[in-house]
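What the sequence shown shows, in our numbering, is residues 18 to 177, in sequence order.
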Amino acid sequence: MKFITEIIFGKEQIIKYRNNETFDDFEKIINVKKYTFETQLERNAFYKGLAEGVGWSEFEVVKEFEETDHKEINEKEEDGFDYWSFIEKFYPKYYQCNSVLLSDILTKKLDGEEISESDEEYIKDWNVRNELLEIHKELLLKAFENFFNAIYPEKILDGE
């Protein structure tokens, strides 16, 4: 996560900005600055330092937003085990499984997405997170059993 902010420095430029007047090229270079911070704490310390050093009346934050660093997300995904791909590959009749459908419904509920009224009614008294965990454990266990049996099939040895 990155925190990005754009600040205008100078009393005259702040007044100009508030009056929706355009800046000339020189003002854009000298008086408008963009900063990127790795943490919110870093950003807050920067603001505090500015206020102490310059004073709030001589600068104004005009844009401020958070940006997700997609590189970090992709690195985390690469490091993690994609158990849904594993389940999809090794769970028998994955596309016809009621547990997979229920998992989808519960996941949508946890993520704050809309679900149908009938689904809402069906799960109204459930601890959604715990139910979802149990379903995922069940699906993953069955998928792992199928994976294991494919790698090490049971062999009937002579004399046993």
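C-beta: ideal position from N, C-alpha, C; glycine also. In this text the structure is predicted, and so the values were computed from the model without any measurement.
1. For E84 and D142, I'd like the C-alpha separation in whole angstroms.
2. What are the partner residues of F26, as DSSP defines its beta bridges?
3. Can you find a CB in chain C that lies within less than 8 angstroms of the CB of I152?
4. I'd like to confirm the pairing. Which residues does DSSP put opposite E83 in its beta bridges?
5. Using 10 angstroms around the beta-carbon of Y169, count the other beta-carbons present and answer buried if the total reaches 16, otherwise exposed.
6. Do you know whose CA, among E162, E38 and S120, lies nearest D128's CA?
7. For K51, which residues of its own chain have a beta-carbon under 6 angstroms away from its beta-carbon, when the five flanking residues on both sides are left out?
8. Going straight from the alpha carbon of H153 to that of E134, what length do you get?
9. Would the beta-carbon of E77 fall within 8 angstroms of that of I25?
10. Who are the near neighbours of F161 in its chain, counting only those whose CB is closer than 6 angstroms to its CB and skipping five residues on each side?
11. Between A68 and T53, what straight-line distance do the alpha-carbon atoms span, to the nearest angstrom?
12. Along the chain, where does the beta strand (DSSP E) containing K65 start, and where does it finish?
13. Quick one: Cα of L123 to Cα of E137, how far?
14. Rank Q30, A167 and K106 by C-alpha distance to the C-alpha of D42 and give the top, closest one.
15. Do you know offhand how far F82's Cα is from L58's?
Concretely, from the data shown:
1. Cα to Cα, the separation comes out at about 37 angstroms.
2. According to DSSP, F26 bridges with F76.
3. Any reference to chain C falls outside this structure, which holds one protein chain only.
4. Answer is F20.
5. Burial call: exposed.
6. Restricting attention to E162, E38 and S120, the CA atom closest to the CA of D128 is found in S120.
7. So the list reads E23, once near-sequence residues are dropped.
8. The alpha-carbon atoms of H153 and E134 are separated by roughly 23 angstroms.
9. Yes, the pair counts as a contact, with Cβ atoms nearer than the cut-off.
10. Nothing meets the Cβ criterion.
11. In a straight line, the C-alpha of A68 is about 18 angstroms away from that of T53.
12. Looking at the DSSP string, K65 is not in any beta strand (DSSP E); the run it does join, the alpha helix (DSSP H), is Q57 to G70.
13. When only Cα atoms are considered, L123 and E137 end up about 10 angstroms apart.
14. Relative to D42, the option among Q30, A167 and K106 whose CA is nearest is Q30.
15. Their backbone Cα atoms lie some 14 angstroms apart in a straight line.
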